[in-house]
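Each residue of the sequence shown is one higher than the one before, starting from 15 at the first, in my numbering.
Before any comments, here is the structure.
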Amino acid sequence: MSLKIAIHKKDVKLIRKIVSDYTTSEIADLLETYSIQERFVFFRLLDSKKQSEIFDSLEPEFQEELFRLFSDEDIKELLDDLYSDDIADLVDDMPDELSTRILRNTPSERRNDINKLLKYDDDKTGSIMSVDIVLIQQERTVDQTINIIRKARENIEITNNVFIVDSKNKLVGFVDYSDLLFNDGNKKIKSISKPIASLKVNTDKEEAVNLFADHDHSSLPVVNSQNKVIGMITADDVIDVVIEEANEDIVKMSGQQVSDVPYSKQNIWQIYKSRILWLLLLMVSATLSQIVLDEFQKISQDIVGIITSSLMITILPVISGAAGNAGSQSSTSIIRSLVIGDIKTKDYKKIFQKELLASALIGLTLGIVNFLRLMIYYAAKGYLSDGNDIVDQGLTKFLHAKNIVIIVLSAAASIALFVVIILAKVVGGMLPLIAKKMKMDPAVMAAPLLTTLIDALSTLIFIGISISILYGAFIA
């Protein structure tokens, strides 16, 4: 029998049997396909502990729908089994009237903890820490510690680490459960305590991720400026941050505004609003490329003729496209390295040297291949001939041999490509560092700004080098 049928029959025993056979996230995903009334009945028939676990796994929009149907008594029962940081997330996600209702039905002793969590900025460690923890004084024995944990287990978030503090609640170290299990019950905790890294309450969440990556722990303590333990961050909190940050960076690098609403739930208007701003800015900023192209096209027609100018225009998309891809490669690599803590902004000299040398090799390779590509392309199109046919459009000062013009133009394009690749990669590597130094989001700088800048510069460099070489070869 399916869960939906069990809900309609209000078969409590069967519902609880089905719930016990599946993971919490699987049940939550299934419930999100049901009607609001079916979800409401389901939660009314569950025991409070399981109810809280599944409710916490639902997306905010489904939680909001249920809160509007729940009575105050239902909400109190639900909140009793949620950790303080989870309640704080609910208050933060819900509309004002529901947030007020949640706080009103939260026990007063927990409301203070929730308010403390809510005062931290969303990008700081304090906003995601759990305050439902037990701290053990270093003078306690192993047996005393075990008894304290047993008594508090219903009200604390259990992880493998137990944090040890002195009489002023300052961090001393930690023990794990294996330490408690395999040591003499009369032994003092301070004698088996081990050092542990800690997070400052105002540390950026991204730095918390990096610290977890460097230390093999299921949780880390959060301390204030006096090194007093006020909470902890768990591995599942960090996983949420990693997913959140990755999603934000992907969205920002594509030139969109970050939305709390998943794509599958967005309507046409929401999609429009999230995308239109950057597209408008990019289109308007592309006027710079248009001005450069327009001015140089006039000059090129006067100097090298209409046909040569037309050939240059057909090559330009290849140059600007290659430059954009090259810049994106560098910026993506640097952003990733910044996020995982592999590099710092102070490493800019080393990064500049690496990008310069790597881009020179890449640009040289692309330049050579581009020259060969153009030769094959023009030969296949019949632009190259065996004779000495002459091109004269009435706009050049002298008559040019057609084959020579194409060879020189191909060489000029390849040299320009070499220069543009170096520029694109160096700029692409440096922009995220500049953004980080200015306390801006590197992902925002790396995508729209890089696209516009590289496009305009590649146009300027290609046409400038091409005209200079052609002018020098045939006119000067």
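The beta-carbon is built from N, C-alpha and C at its ideal position, and this holds for glycine as well.
Could you pull out every residue in the same chain whose Cβ sits closer than 6 Å to the Cβ of T38, ignoring the five residues on either side in sequence?
E67, I68 and S71
CB-CB length for I210 against T159, believed under 8 Å
I210 to T159, Cβ: 16 Å. No contact.
L131 to I376 span [Cα, whole Å]:
49 Å
Could you check the C-alpha separation between S181 and Q151 for me, to the nearest Å?
7 Å
Are three or more beta carbon pairs between the segment 361 to 371 and the segment 437 to 447 nearer than 8 Å?
yes
Thinking C-alpha only, which one of L117, K31 and M108 is nearest K90?
L117
Between N119 and T301, what straight-line distance do the alpha-carbon atoms span, to the nearest angstrom?
57 Å
Could you spell out where the beta strand (DSSP E) holding G245 opens and where it closes?
V243 to T248
Thinking just about the alpha-carbon of each residue, which of V256, I41 and S424 is nearest to the one in L330?
S424
Residues near R124 by beta carbon distance below 6 Å, same chain, minus five either side:
S98
Are there 16 or more other CB atoms within 10 angstroms of the CB of R164, so buried, or fewer, so exposed?
exposed
Suppose the cutoff is 6 Å on Cβ atoms and the five residues either side in sequence are ignored; what does the same chain contact list for I50 look like?
E79
Classify I253: buried if its beta carbon has 16 or more other beta carbons within 10 angstroms, exposed otherwise.
exposed
Whose C-beta lies closer than 7 Å to the C-beta of I41 among residues of the same chain, with five residues either side of it excluded?
V33 and I68
Buried or exposed for T173, going by 16 or more other Cβ atoms inside 10 Å?
buried
Where does N175 fall in DSSP's three states?
strand
Go ahead and label N384 buried or exposed: buried means 16 or more other beta carbons lie within 10 angstroms of its beta carbon, across all protein chains shown.
buried
Cα-Cα, which of P456, I357, T328 and E73 is closest to S480?
T328
Decide yes or no for the touch test of the segment 339 to 356 against the segment 214 to 228: beta carbon pairs closer than 8 Å, at least 3 of them.
yes
In angstroms, rounded to a whole number, what distance separates the CA positions of V433 and G478?
12 Å
Which same chain residues end up closer than 6 Å to L45 when comparing Cβ atoms and leaving out the 5 residues on each side of it in sequence?
R53
By alpha-carbon positions, which one of D135, R82 and D136 ends up nearest to D110?
R82
Might you give, ordered along the chain, the residues of its own chain that have their beta carbon closer than 7 Å to the beta carbon of E369, omitting 5 neighbours on each side?
S344, K439, V440 and G443
Which residues bound the alpha helix (DSSP H) around Q280?
Note, Q280: premise wrong, no alpha helix (DSSP H); not H, not E.
Would a C-beta distance cut-off of 8 Å place V237 and L195 closer than the cut-off?
no
Would DSSP call G401 helix, strand or coil?
In this prediction, G401 scores a pLDDT of 44, lower than 50, which makes its location untrustworthy; no coordinate-derived value is stated.
Compute the beta-carbon to beta-carbon distance between V243 and L149, rounded to the nearest angstrom, for a pair I have assumed lies under 8 Å.
6 Å
Within this structure, are the beta carbons of A430 and I333 separated by less than 8 Å?
yes
Considering only their Cβ atoms, is the gap separating I142 from I285 smaller than 8 Å?
no
For I206, which option in Y36, D61 and I178 has the closest C-alpha, if you only look at C-alpha atoms?
I178
For the putative contact between T155 and N200, defined by C-beta atoms under 8 Å, what is the C-beta separation to the nearest angstrom?
5 Å
For L17, is the classification buried or exposed, using 16 other Cβ atoms within 10 angstroms of its Cβ as the cut-off for buried?
buried
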